[in-house]
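**Student:** Count the sequence shown with mature numbering (1 follows the signal peptide of the UniProt record, and there is no 0) and you get residues -28 to -1, 1 to 291, in order.
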Amino acid sequence: MKYKGVVTLKIFLILALLLNVFAPSALAEEKPVIKLNHLFINKNGGKLNIQQIMQIDIPKGYQEEHNGKIVRVFIPLPDGFGDLQVSGFNNEQYLKFDNGLGIVSVGEESVKLSLNYSLPFTDKQNIVLIFPYTCDIFAVLTTPGELVVNSGDLTPQGVLEINGKSFDVYATGNLKEDARISLSLTAGQGNLQKAPPVYNEGTTNLKFHSPEHIQRWKSSPLGNTDPHLWLVFLLFVVGGIVVALVMLYRSKHDSVDDEEFLKKVKQLKAKEQEILAKVELLEEKYGKDEVTEEEYQELLSNYKEQLKKIKIELKKLSE
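Shown next, in the form of structure tokens:
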């Protein structure tokens, strides 16, 4: 009976992990999801000019109330913002509030918009950003050498070139609903170090994608999927199974050789990282038109199959 109970617990843990991997989109449909939020910050005399580019997925029929008004989504803006301009929407489609912007009418469930506003600035400015909905990717971009960005919530990505322009990038991801990000901006040299070509597998170290790259992805045959499908989703699939294996290992270490088990897991993880690095390079080449659509699809399909094989091998280890 005790053995059956342990087996049942193992199965439950694996199912829970897999459900956590495959079902987040279903849970997220209850409220809007910020797919990406990019903050371009430039210093201009006694103020900061900010361009905020966002992509938000809004569930069909979703609406909420803000200050007595019904809106589809509400976008909080930092205290002290001014000179707000909205691109991508007609005046009738949004409402301006003292603390942000409300979108009242949208033609599609996936909203793309650009906000421009300013903030007062002397030599230092503290900014608090509020995320009313979950956010997949958030990045702050500044001109290299212009501002020092300090935040315990963001990971420095180094200086990246995007469409021929250089940006000092700080990023994070998988922000929860009602998360707050604090930034301390100081006039100064900032980060002048080039970012490495491939980043670590952690969520906060994901390679940055420009809004143009996101739009290109949306126009591709994979447009119905997330831009980071293979770098995030597949990573979570494989990574979630690895976590399950470690948990199972701790409960059945008496029947599995410790060193052999861990060796196999590490080998598979190394293969996974190698494939993800190739996917990352393929995305870059695709964004620069260095590979054709046919080559892109063929290679992407091949990498997908390799990742599936790794997942199968990891599953076998847990049996």
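In this text, a Cβ means the ideal position worked out from N, Cα and C, and glycines have one as well.
Given a cut-off of 9 angstroms, decide if Ser82 and Asp29 are closer than it, judged by their beta-carbon atoms.
**Tutor:** Result yes, Cβ atoms of Asp29 and Ser82 sit closer than 9 angstroms.
**Student:** By the three-class DSSP mapping on this structure, what secondary structure does Lys148 have?
**Tutor:** Residue state, collapsed to three classes: coil.
**Student:** Is there contact between the stretch 109 to 124 and the stretch 7 to 14, where contact requires at least three CB pairs shorter than 8 angstroms?
**Tutor:** Contact between the stretch 109 to 124 and the stretch 7 to 14 is present, because at least three Cβ pairs lie under 8 angstroms.
**Student:** Quick one, are the C-beta atoms of Pro48 and Lys3 less than 9 angstroms apart?
**Tutor:** No, the Cβ-Cβ distance between Pro48 and Lys3 is not below 9 angstroms.
**Student:** Which residues in the same chain as Ser156 place their Cβ atom closer than 6 angstroms to its Cβ, once the five residues preceding and following it in sequence are excluded?
**Tutor:** Closer than 6 angstroms at Cβ, skipping near neighbours: Asn98, Asn122.
**Student:** For Tyr268 and His38, I'd like the C-alpha separation in whole angstroms.
**Tutor:** Distance between the alpha carbons of Tyr268 and His38 is about 44 angstroms.
**Student:** Helix, strand or coil for Asn16? Go by DSSP, reduced to three states.
**Tutor:** Strand at Asn16.
**Student:** From Gln278 to Gln245, what distance separates their C-alpha atoms?
**Tutor:** Computed Cα separation, rounded: 11 angstroms.
**Student:** Within 10 Å of its beta-carbon, does Arg152 have 16 or more other beta-carbons around it, so buried, or fewer, so exposed?
**Tutor:** So Arg152 ends up on the exposed side.
**Student:** Could you give the first and the last residue of the continuous beta strand (DSSP E) run that contains Leu113?
**Tutor:** Unbroken beta strand (DSSP E) run through Leu113: 106 to 114.
**Student:** Please go through the same chain and pick out, in chain order, the residues whose beta-carbon is closer than 6 angstroms to the beta-carbon of Leu271, but skip the five residues on each side of it.
**Tutor:** Excluding positions up to five away in sequence, the list reads Leu254.
**Student:** Look up Asn274 in the DSSP assignment and say whether it is helix, strand or coil.
**Tutor:** Correct three-state label for Asn274: helix.
**Student:** Count the other C-beta atoms from every protein chain shown that fall within 10 angstroms of the C-beta of Pro50, then say buried if there are 16 or more, exposed otherwise.
**Tutor:** Buried, because 16 or more other Cβ atoms sit within 10 Å of the Cβ of Pro50.
**Student:** Quick one: what's got a C-beta closer than 6 angstroms to Lys96's C-beta in the same chain, skipping five residues either side?
**Tutor:** For Lys96, where only same-chain residues beyond five positions count, the Cβ hits under 6 angstroms are Thr158.
**Student:** Count the other C-beta atoms from every protein chain shown that fall within 10 angstroms of the C-beta of Gly33, then say buried if there are 16 or more, exposed otherwise.
**Tutor:** The residue in question, Gly33, is exposed, as its Cβ has fewer than 16 Cβ neighbours within 10 Å.
**Student:** Can you tell me which of Lys288, Pro92, Phe53 puts its alpha carbon nearest to the alpha carbon of Asn16?
**Tutor:** Per the Cα distances, Pro92.
**Student:** What three-state label does DSSP hand Lys7 in the structure shown?
**Tutor:** Lys7: strand per DSSP, three-state reduction.
**Student:** Closest by CA to Asp70, which one among Ser77, Lys288, Gly54?
**Tutor:** Here the closest residue by C-alpha is Gly54.
**Student:** So for Leu126, helix, strand or coil by DSSP?
**Tutor:** Coil at Leu126, not helix or strand.
**Student:** Who pairs with Glu252 in a beta bridge, going by DSSP?
**Tutor:** Per DSSP, none; premise fails for Glu252.
**Student:** When we look at the beta-carbon of Ile42 and count the other beta-carbons within 10 Å, is it buried (16 or more) or exposed?
**Tutor:** Exposed.
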